[in-house]
Amino acid sequence: MDPAGVERMIEKLIEIRSSKPGKLVQLSESEIKQLCVASRDIFLKQPNLLELEAPIKICGDIHGQYSDLLRLFEYGGFPPKANYLFLGDYVDRGRQSLETICLLLAYKIKYPKNFFLLRGNHECASINRIYGFYDECKRRFNVKLWKSFTDCFNCLPVAALIDEKILCMHGGLSPDLSSLDQIRNLPRPTAIPDTGLLCDLLWSDPGKDVKGWGMNDRGVSYTFGPDKVSEFLSKHDLDLVCRAHQVVEDGYEFFAERQLVTIFSAPNYCGDQLRRKISLWCEHASYFYRETLIRHGAEVVISSASKVAEEGKTATFGAYSSLFVDCEWV
Numbered sequence: 005m006d007p008a009g010v011e012r013m014i015e016k017l018i019e020i021r022s023s024k025p026g027k028l029v030q031l032s033e034s035e036i037k038q039l040c041v042a043s044r045d046i047f048l049k050q051p052n053l054l055e056l057e058a059p060i061k062i063c064g065d066i067h068g069q070y071s072d073l074l075r076l077f078e079y080g081g082f083p084p085k086a087n088y089l090f091l092g093d094y095v096d097r098g099r100q101s102l103e104t105i106c107l108l109l110a111y112k113i114k115y116p117k118n119f120f121l122l123r124g125n126h127e128c129a130s131i132n133r134i135y136g137f138y139d140e141c142k143r144r145f146n147v148k149l150w151k152s153f154t155d156c157f158n159c160l161p162v163a164a165l166i167d168e169k170i171l172c173m174h175g176g177l178s179p180d181l182s183s184l185d186q187i188r189n190l191p192r193p194t195a196i197p198d199t200g201l202l203c204d205l206l207w208s209d210p211g212k213d214v215k216g217w218g219m220n221d222r223g224v225s226y227t228f229g230p231d232k233v234s235e236f237l238s239k240h241d242l243d244l245v246c247r248a249h250q251v252v253e254d255g256y257e258f259f260a261e262r263q264l265v266t267i268f269s270a271p272n273y274c275g276d277q278l279r280r281k282i283s284l285w286c287e288h289a290s291y292f293y294r295e296t297l298i299r300h301g302a303e304v305v306i307s308s309a310s311k312v313a314e315e316g317k318t319a320t321f322g323a324y325s326s327l328f329v330d331c332e333w334v
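This is the structure:
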């Protein structure tokens, strides 16, 4: 896809910022297929375990909430003003999965060395066939386009290592993970299997009341206790595991004495506005506080604007990267 074509798509996708949320962007099937092919080639040229440097903003689940994605960029800076790492789950449940994934893929093509996308468990045909993305593709275009996205998703990287100290993935740890080279050597393109390392990296969850490995209520993969986080970090000389996958209060939540953080970037997720009608993106919600935890003289910033609490929360804990969380408690 030529650079001018990518730029035109980006302009078309972001020009609706001033429109009423939910306005659809008119894209052609040909344009979208070109995005899928071009981004797929870039994903395969880059490693399965990305090795990145700070500063970088890390974002959690988006789930088709396109208006919130645009607000996230307005808050953190549209590329290339900031570097970004997204942790997966771009599609399903929200009303504009197509706009969401198209903008992310377009930015990946335009800024391949500054904009990064990991695979989430919803970047999988067997999942997004059920939870909305398939239906959106079929309704607005056709099933062939959904298959083009599937081919693209099967090539996404699954983890990132920031400054050799922060390991990022969508889900979590795995009992099969003994060396980071195992992540590097995972084959691509591939579907997500029902068990094993790749499945766990995209599906597992921390469990506060778990010691070691436990059953996962999702019916897939495992839960892991604080002991497994400490053991893993110590063995691999890491400081932090950063993951997404779960809805958490204020958009971020620490685990295992701040050795793991979960971030979630889809405010009002799945109709939460029915319970809490004050949304994250109120203009007057710009209150912040800082909490500092030093690790090896490095600083990671987590920012979360919350008008429900009438304050935004920024936790600073050590200059590896910026964990950029824009989410109301849901």
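Residue numbering for the sequence shown is 5 to 334, as defined by this note's numbering.
Here a beta-carbon is modelled for each residue, glycine too, at the ideal position from N, C-alpha and C.
Alpha carbon of residue i to alpha carbon of residue j, nearest angstrom
i: MET13; j: GLY81; result: 18 angstroms
i: PHE258; j: MET219; result: 21 angstroms
i: GLU253; j: GLY211; result: 16 angstroms
i: LEU206; j: VAL162; result: 8 angstroms
i: GLU127; j: VAL224; result: 16 angstroms
i: GLU295; j: GLU261; result: Low per-residue confidence applies at GLU295: pLDDT is 32, beneath 50, and the placement is therefore not dependable, though the value from the model is reported in the following sentence. Cα-Cα distance, rounded: 15 angstroms.
i: LEU23; j: VAL29; result: At residue 23 the sequence reads Ser, which differs from the Leu that was named. Distance between the alpha carbons of SER23 and VAL29: 11 angstroms.
i: TYR226; j: SER178; result: 8 angstroms
i: LEU109; j: CYS40; result: 7 angstroms
i: VAL251; j: PRO84; result: 28 angstroms
i: ALA309; j: LEU76; result: Only weak support exists for where ALA309 lies, its pLDDT of 33 falling under 50; the coordinates are left without a value.
i: ILE134; j: VAL95; result: 11 angstroms
i: LEU48; j: SER234; result: 32 angstroms
i: LEU56; j: ILE166; result: 5 angstroms
i: ASP155; j: ARG247; result: 24 angstroms
i: PRO51; j: GLY200; result: 20 angstroms
i: LEU202; j: ILE20; result: 37 angstroms
i: ALA129; j: GLU78; result: 31 angstroms
i: GLU15; j: CYS141; result: 22 angstroms
i: ALA8; j: LYS114; result: 10 angstroms
i: ILE98; j: ASN125; result: Note on identity: in this sequence residue 98 is Gly, with Ile being the wrong assignment. Distance between the alpha carbons of GLY98 and ASN125: 15 angstroms.
i: SER290; j: GLY255; result: For SER290, the predicted structure reports a pLDDT of 24, less than 50, and the residue's modelled location is therefore unreliable. The matter cannot be settled from this model.
i: PRO197; j: PHE157; result: 14 angstroms
i: TRP217; j: VAL265; result: 18 angstroms
Proximity to residue i [Cα-Cα], best of the options
i: ALA164; options: GLY218, ARG188, GLU253 and TRP150; result: ARG188
i: ARG144; options: GLN100, ALA86, GLY176 and LYS112; result: GLN100
i: ASP6; options: LEU31, GLU35, LEU17 and VAL245; result: GLU35
i: ARG192; options: GLN263, ILE46 and TRP217; result: ILE46
i: LEU190; options: SER71, GLU55, CYS159 and ASP213; result: CYS159
i: TYR249; options: ASP209, CYS156 and PHE228; result: Checking the sequence, you will find His at residue 249 rather than Tyr. Closest by alpha carbon: ASP209.
i: GLU11; options: CYS106, GLU78 and TYR256; result: CYS106
i: PHE119; options: LYS49, ASN87, GLN50 and SER269; result: ASN87
i: ALA58; options: LYS117, ARG222, LYS151 and CYS141; result: LYS117
i: LYS232; options: ARG222, LEU202 and GLN263; result: GLN263
i: ILE267; options: ASN146, PHE157, LYS151 and LEU89; result: LEU89
i: LEU53; options: ARG123, PRO197 and ASP93; result: ARG123
Whole-number beta carbon distance between residue j and residue i, since they are thought to touch under 8 angstroms
i: LEU121; j: LYS37; result: LEU121 to LYS37, Cβ: 18 angstroms. No contact.
i: GLY176; j: ASP139; result: That pair is no contact at about 29 angstroms.
i: GLY26; j: GLY136; result: About 15 angstroms separates the two Cβ atoms, so there is no contact after all.
i: SER43; j: LYS112; result: 5 angstroms
i: LEU91; j: HIS174; result: 5 angstroms
i: LEU18; j: LEU74; result: Per the sequence presented here, residue 18 reads as Ile, with Leu not at that position. Going by Cβ atoms, the distance from ILE18 to LEU74 rounds to 7 angstroms, so yes, they are a contact pair.
i: VAL214; j: GLY229; result: 4 angstroms
i: PHE195; j: ASP72; result: First, the residue type needs correcting, since residue 195 is Ala and not Phe in the sequence shown. ALA195 to ASP72, Cβ: 29 angstroms. No contact.
Residue i at chain B interface by Cβ criterion, 8 angstroms
i: SER130; result: As a matter of chain content, chain B is missing from the structure shown, which is built from one protein chain.
Taking contact to mean 3 or more Cβ pairs, one atom from each stretch, closer than 8 angstroms, check whether the region 161-179 and the region 56-65 are in contact.
yes
Does the region 224-241 come within contact of the region 174-183, defined as at least 3 CB pairs closer than 8 angstroms?
yes
Start-end ranges of the beta strand (DSSP E) lying completely within the region 45-102, minimum 3 residues
53-56, 61-63 and 88-90
Entirely enclosed beta strand (DSSP E) segments - the region 90-165, minimum 3 residues:
119-121
Which parts of the region 209-239 are runs of the beta strand (DSSP E), unbroken and 3 residues or longer, counting only runs that do not cross its ends?
217-219 and 226-228
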